[in-house]
Amino acid sequence: MRLDPFYPVVDSAAWVRRLLPLGVKLVQLRIKAQPPEAIRREVDDALACARRHGAQLVVNDHWRIALDAGADFVHLGQEDLDGADLPALCRHALRLGISTHSHEELERALALAPDYIALGPVYPTALKAMPWAPQGLARLREWKRRIGALPLVAIGGLTLERAAGCFDAGADALAMVGDIVLHPDPEARAAAWLRATRPRA
């Protein structure tokens, strides 16, 4: 499969509604520390918005809710994999992205035949406590050599100014949080990302 190269990660359906009208075609909904009922409402809302705009919604972590909502793409971290019903995801033909941070995690992820592999944090990030050192562009190149045609998503500390280096190192898509949601003008920043990445789409 092919991923859109611009892959913002947001924590609410409200952000999905803000970004998709700009032309964003791939977005991850990553919600933490909310009760299941609230998460379910957010997923339903975001999924409806994605369908209206012909965009792909990826639900982070909450695979049961994603299944119930009729979503078709989930992203799981390594700890999320431990509790996930992977055969159920397969039966329902859910596409799967998996986070990796080490060679051991990459081997585990590849054994599950995911639809993409994510590597992070590529750069230092203050938005999430990370037990791993920044991976850097050399690790991105190594991961791309290892996984071949499988899409590679770079995440962690990414900014528009760092995009070209990540693409040159082999990333197929760039996932970012702060460079959009913490920007003083998120819509303008997203539009700039779209202009910068569309030639690669």
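Once you know that position 168 of the sequence shown is 168 in UniProt numbering, the rest is easy, because the numbers rise by one and skip nothing.
Virtual Cβ for every residue (Gly too), placed ideally from N, Cα, C.
Check whether the Cβ atoms of W63 and H101 lie closer than 8 Å to each other.
Not closer than 8 Å, so no.
Give the range of the alpha helix (DSSP H) segment to which G77 is assigned.
No alpha helix (DSSP H) contains G77, which DSSP labels as neither H nor E.
Whose C-alpha, out of R146, A113, E105, is nearest the C-alpha of E79?
Measuring from the Cα of E79, the nearest candidate turns out to be E105.
Quick one: give me the first and last residue of the beta strand (DSSP E) that G97 is part of.
95 to 100 is the extent of the beta strand (DSSP E) around G97.
What are the residues that DSSP puts in a beta bridge with P8?
Its beta-bridge partners are M176.
Considering Cα atoms alone, identify which of D45, L137, A46, R2 is closest to D168.
Of the candidates D45, L137, A46, R2, the one whose C-alpha sits nearest the C-alpha of D168 is L137.
Over the uninterrupted alpha helix (DSSP H) stretch that includes residue 206, give me the two end residues.
A query on residue 206 cannot be resolved here, the shown segment of the chain reaching from 1 to 201 and no further.
Cβ of L19 within 8 Å of Cβ of A190?
Yes, these two residues count as a Cβ contact at 8 Å.
In terms of alpha-carbon separation, which member of D68, G70, A171, D72 lies closest to G117?
Checking the sequence, you will find Ile at residue 117 rather than Gly. With distances taken between Cα atoms, I117 lies closest to A171.
Using only CA atoms, which one of M1, G77, D72 lies nearest to L94?
Checking every option, the nearest Cα to that of L94 belongs to D72.
Beta carbon of L140, beta carbon of P114: below 8 Å?
Against a cut-off of 8 Å, the Cβ pair of P114 and L140 comes out as no contact.
Using a 10 Å radius around the Cβ and a threshold of 16 neighbouring Cβ atoms, would you call D85 buried or exposed?
Flag for D85 reads exposed.
Tell me the rounded alpha-carbon separation between V59 and R146.
The alpha-carbon atoms of V59 and R146 are separated by roughly 26 Å.
So what's L152 in DSSP terms, helix, strand or just coil?
The answer is strand: DSSP assigns L152 an E or B state.
Using the Cβ count rule (16 or more neighbours within 10 Å means buried), how would you classify C49?
That one is buried.
Are the Cβ atoms of D25 and D4 separated by less than 8 Å?
Here residue 25 is Lys; the residue named in the question, Asp, does not match the sequence. Yes.
Taking 8 Å as the threshold (C-beta atoms), are L152 and L112 in contact?
No. Outside cutoff.
What separation, rounded to the nearest whole angstrom, lies between the Cα atoms of E42 and L182?
Those two C-alpha atoms are separated by around 20 Å.
In chain order, what are the residue ranges of uninterrupted beta strand (DSSP E) at least 3 long that sit wholly in the stretch 32 to 69?
Runs of the beta strand (DSSP E) inside the stretch 32 to 69: 56 to 60.
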